[in-house]
Ligand code: GAL
Ligand code: CA
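Numbering (my numbering), first residue to last: 34 to 387.
Okay, structure coming up:
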């Protein structure tokens, strides 16, 4: 036989083998189940949200090992609820099985809920919490996020602990801590509770506060830097404490102080929330004194797990959810005492497994 004939014969044997294998059929090869998940988010430029989505994509890829073929569409509403309403319609029109929605306007999910309900598509809202009345409109609506009050309390606690053990924070030695507060976004559940509870907790822990200014900076580093620049020119070295609703804005404050040319002893102490890598580095470097980890790995895992369970129509463990609808992951305190456990350790930040 010449080489070509041998090759053909081998191919034939191979083919017969495959057919036989298939016909015997015991070891059937599972065809992956296709799930189409439509994700709508308010603004992908938001750093924390971007990281949450990266983790979610990763979780969806790991589901492939469990026999699912996930196709994911992520749409960005650039902060407009009308745009988001249209995007959700489009994903429904394209046949999505599950929706994950990060509302542009958390008080206005009604169009999305109506459209999803018409097509019997469950929604997992995440990060931007609809009001309870809306979430209870239909039984296939869920929420994955955090209990914002907890982050406010924890931030107040680490700040109080630091201040009470570092008398030099009170630079003008008047017994009060002159502070500014950087607020995330008007009407956002996290901004409202973080502001309220961080301040209440500081006072409860015997820190006497003097409020200099509250500034809205939309979770955004650049905006916070601008606001801080103005406050620095207004108050100079008077500012002793910066409480920020998130790390991006805290890093904006850090940036403002770096550029203002103050020596480190003249900086205020600065606290954030989210546990972003860059903020943890700032804590390590002594430019920030603490942050509260917003567990994006855990939230992404829960979203992916819920999506599959809802797709399968399994009676999933609704009892473990608050009021059968809410999943809140736990925040964690990060400061000088445990920074090394968190820095460069992305995989350790989730405490709960799927
Ligand atoms: C918060 C987070 C902020 C921002 C916001 C967007 O939970 O701490 O950094 O991402 O969500 O909704
Ligand atoms: Ca003081």
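Ideal Cβ positions, reconstructed from N, Cα and C, are used throughout, including at glycine.
Per the C-alpha coordinates, the member of 173, 101, 179 positioned closest to residue 328 is 179.
Exclusion of residue 304 from the 8 Å shell around ligand 1 follows from its C-beta lying no nearer than that to any non-hydrogen atom of the ligand.
Runs of the alpha helix (DSSP H) lying entirely within the stretch 296-365, each at least 4 residues long, are 310-317, 329-345 in chain order.
A distance criterion of 8 Å places the beta-carbon of residue 298 beyond contact range of ligand 2, judged by its closest non-hydrogen atom. Contiguous alpha helix (DSSP H) elements confined to the stretch 56-119 occur at 80-96, taking only those with 4 or more residues. The secondary-structure analysis by DSSP pairs residue 211 across a beta bridge with 243. DSSP places residue 266 inside the alpha helix (DSSP H), whose first and last residues are 254-268. With contacts defined by Cβ atoms closer than 9 Å, residue 243 and residue 211 form a contacting pair.
Between ligand 1 and residue 75, a heavy atom-to-CB distance of less than 8 Å is present. The alpha carbon of residue 339 has as its nearest neighbour, out of 312, 282, 70, 314, the alpha carbon of 70.
Apart from the 5 residues on each side of it in sequence, residue 136 sits with its Cβ closer than 6 Å to the Cβ of 142, 161 in its chain, given in chain order. Taken in chain order, the complete alpha helix (DSSP H) segments of 4 residues or longer contained in the stretch 171-216 are 181-198. Contact check for residue 144 and residue 171: beta-carbon distance about 13 Å, past the 8 Å limit, so the pair fails to qualify. Of the heavy atoms belonging to ligand 2, at least one sits nearer than 8 Å to the Cβ of residue 207. Between the alpha carbons of residue 147 and residue 125 lies a gap of roughly 12 Å.
If the five residues before and after residue 153 are omitted, its C-beta is found closer than 8 Å to the C-beta atoms of 173, all from its own chain and listed in chain order. Annotation for residue 210 indicates a beta carbon within 8 Å of some heavy atom of ligand 2. If you look at residue 274, you'll find it in the beta strand (DSSP E) that goes 274-277.
In the displayed model, residue 154 falls within coil according to three-state DSSP, outside both helix and strand.
Judged by pairs of C-beta atoms under 8 Å, the stretch 240-256 touches the stretch 213-224, as three or more such pairs exist.
In this chain, residue 235 is not harboured by any beta strand (DSSP E); it is covered by the alpha helix (DSSP H) spanning 222-237.
A Cβ-Cβ contact shorter than 9 Å links residue 333 with residue 91. Per DSSP, the unbroken beta strand (DSSP E) holding residue 134 starts and ends at 131-134. Restricting attention to 102, 323, 337, 260, the CA atom closest to the CA of residue 66 is found in 102. For the pair of segments examined, the stretch 311-321 was found to touch the stretch 365-376: the number of CB pairs separated by less than 8 Å reaches three.
The Cβ atoms of residue 74 and residue 109 lie closer than 9 Å to each other. Residue 231 and residue 326 have their C-alpha atoms spaced approximately 15 Å apart. Taking the Cα positions, residue 346 is about 10 Å away from residue 155.
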